[in-house]
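Note sheet for the following structure.
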Amino acid sequence: MYIYGVNPVLESFKISDALKEIYISKNRISKLKEILRLAEEKSISVKIVEETFIEKITQGVHQGVVAKIKPKKTITLDEALKISFKKNEPAFFLILDLVEDPQNFGSICRIADAAGVHAIIYQKKRSVGLVPSVWKASAGAVWHVNLVEINNIKYAIKTLKEHNITIYGAEAQAKDVFWESDFTQSLGLIVGSEGKGIRQTVIALCDKVIKIPMRGTINSLNVSVASALITFEVLRQRKIQ
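Residues in the sequence shown are numbered from 0 upward in steps of one, following numbering that gives the first Met the number 0.
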């Protein structure tokens, strides 16, 4: 698998045996000295190539660097459920209902890392998954978050509820404002796809549906922005510093 961009590659150096090989555009060597230094320090192969080579294997702003990496390991739902217990914290999961946009998925990974979310749960089919542009959007945060890839998120939601984890759904048409909810308890927050929001069959499984109040003409926010607002309200209520 390939990832591209300065930050995702730099973050990869922090993960043992993550990097297999690095390709650097010969036109950008002077701007990528830190990557070259770390590669030499850690004995990782670097190939200086034409920029056209990099452009053939990327679909975004590559900044002149591509790396071949080992696949990111996901964890099971059972493993995810043990994380909060080990940390002695109320559980906090982000559940993505068919998020297809790589920019949003990557941004949510970055938010989850910053906020200490215990795991992101997403469905294998009809979701974007860990494509290279997700790594770029996350600035390498994909390495640092726990990811649960599951065949059906409805099964995951039901399992979380069996473990006394309250399920919140974030929907623009909800009645309850998100900051009026009690987020000090163990919870899972569901956010929906860019165009359709959370599916009705998934909404039906929620214990509570919440909204971000909107005063403007546009009645919804980007899913990653909405995730950030609610996620950091969770931290505020839990008084985590």
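All residues carry an ideal CB built from backbone N, CA and C; glycine is no exception.
If you're wondering where the values come from, they're calculated on a predicted model, not measured in any experiment.
(message) In whole angstroms, give me the CA-to-CA distance for Leu-188 and Ile-229.
(response) Taking the sequence shown and counting its residues from 1, one reaches residue 188 at position 189. Taking the sequence shown and counting its residues from 1, one reaches residue 229 at position 230. Roughly 9 Å separates the two Cα atoms.
(request) Determine the burial state of Gly-59: buried for a count of at least 16 other Cβ atoms within 10 Å of its Cβ, exposed for fewer. (result) Mapped onto the sequence shown, residue 59 falls at position 60. The residue in question, Gly-59, is exposed, as its Cβ has fewer than 16 Cβ neighbours within 10 Å.
(message) Just to confirm my understanding: we take Ile-68, look at its own chain, exclude 5 residues before and 5 after, and list those with CB closer than 7 Å. What are they?
(response) Numbered from its first residue, the sequence shown carries residue 68 at position 69. Around Ile-68: Met-0, Ile-2, Ser-11, Ala-17, Leu-18 and Lys-19.
(message) Assuming Gly-196 and Glu-170 are in contact, meaning their beta carbons sit under 8 Å apart, how far apart are those beta carbons, in whole angstroms?
(response) In the sequence shown, the residue the question calls residue 196 occupies position 197. In the sequence shown, the residue the question calls residue 170 occupies position 171. Yes, Gly-196 and Glu-170 are in contact; Cβ-Cβ is about 6 Å, under 8 Å.
(request) Please classify Lys-81: does DSSP put it in a helix, a strand, or coil? (result) The residue labelled residue 81 in the question sits at position 82 within the sequence shown. Correct three-state label for Lys-81: helix.
(request) Can you tell me which of Ile-211, Phe-92, Lys-135 and Val-176 puts its alpha carbon nearest to the alpha carbon of Ala-155? (result) The count along the sequence shown starts at 1 and reaches residue 155 at position 156. Considering only alpha carbons, the answer is Phe-92.
(request) With Lys-25 as the anchor, note down where its alpha helix (DSSP H) starts and where it stops. (result) Looking up residue 25 in the sequence shown gives position 26. Neither: Lys-25 is in no alpha helix (DSSP H) and is coded neither H nor E.
(message) So the candidates are Asn-26, Ala-66, Trp-134 and Thr-73; which of them puts its Cα closest to the Cα of Thr-51?
(response) On the sequence shown, position 52 is the one that residue 51 refers to. Cα-wise, what sits closest to Thr-51 is Asn-26.
(request) Using DSSP bridges, identify the partner residues of Glu-40. (result) As a working mapping, residue 40 is identified with position 41 in the sequence shown. For Glu-40, which the question treats as bridged, DSSP gives no partner whatsoever.
(request) Decide yes or no for the touch test of the stretch 108 to 120 against the stretch 78 to 98: beta carbon pairs closer than 8 Å, at least 3 of them. (result) yes
(request) Label Asp-77 either buried or exposed according to how many other C-beta atoms from any shown protein chain fall within 10 Å of its C-beta, with 16 as the threshold for buried. (result) Taking the first residue of the sequence shown as position 1, residue 77 is located at position 78. With fewer than 16 other Cβ atoms within 10 Å, it is exposed.
(request) Could you name the residues of the same chain whose beta carbon sits closer than 8 Å to that of Arg-109, not counting the 5 residues immediately before and after it, in chain order? (result) Locating residue 109 in the sequence shown gives position 110, counting from the first residue. Around Arg-109: Ala-136, Ser-137, Ala-138 and Ala-140.
(request) Could you tell me whether the Cβ atoms of Asn-163 and Ile-82 are closer together than 8 Å? (result) Position 164 of the sequence shown holds residue 163. Position 83 of the sequence shown holds residue 82. Taking 8 Å as the Cβ cut-off, Asn-163 and Ile-82 do not qualify as a contacting pair.
(message) Would Ile-21 and Val-5 qualify as a contact pair, given that the criterion is a beta-carbon distance under 8 Å?
(response) Residue 21 sits at position 22 when you count from the first residue of the sequence shown. Residue 5 sits at position 6 when you count from the first residue of the sequence shown. Cβ distance not < 8 Å, so Ile-21 and Val-5 don't count as in contact.
(message) For Asp-96, count the other beta carbons within 10 Å of its own beta carbon; 16 or more makes it buried, fewer makes it exposed. Which is it?
(response) Locating residue 96 in the sequence shown gives position 97, counting from the first residue. Buried, by the Cβ-count rule.
(request) Check the DSSP bridge columns for Thr-200 and list the partner residues they point to. (result) Stepping through the sequence shown from its first residue, residue 200 is reached at position 201. Paired residues: none, contrary to the question.
(message) At the level of alpha carbons, what is the spacing between Val-127 and Phe-104?
(response) Numbered from 1 along the sequence shown, position 128 holds the residue referred to as residue 127. Numbered from 1 along the sequence shown, position 105 holds the residue referred to as residue 104. C-alpha separation (whole angstroms): 8 Å.
(request) Would you identify the three-state DSSP class for Thr-165, choosing helix, strand or coil? (result) As a first step, residue 165 must be located in the sequence shown, where it is residue number 166. Looking at Thr-165 - three-state DSSP - the assignment turns out to be strand.
(message) I need the DSSP call for Ser-192, collapsed to helix, strand or coil.
(response) Locating residue 192 in the sequence shown gives position 193, where the first residue counts as 1. In this structure, Ser-192 counts as strand in the three-state DSSP scheme.
(request) For Ser-192, I'd like the list of residues in its chain whose CB is within less than 7 Å of its CB, leaving aside the five on either flank, ordered along the chain. (result) As a position in the sequence shown, residue 192 is number 193, starting the count at 1. Answer for Ser-192: Asp-96, Leu-97, Val-98 and Glu-99, listed in chain order.
(request) From the DSSP output, in three-state form, read off Ala-90 for me. (result) The residue you call residue 90 lines up with position 91 of the sequence shown. Ala-90 falls in the coil class under three-state DSSP.
(message) Is the beta carbon of Val-176 closer than 8 Å to that of Lys-153?
(response) Within the sequence shown, residue 153 is the residue found at index 154, counting from 1. Within the sequence shown, residue 176 is the residue found at index 177, counting from 1. For Lys-153 and Val-176, no; Cβs fall outside 8 Å.
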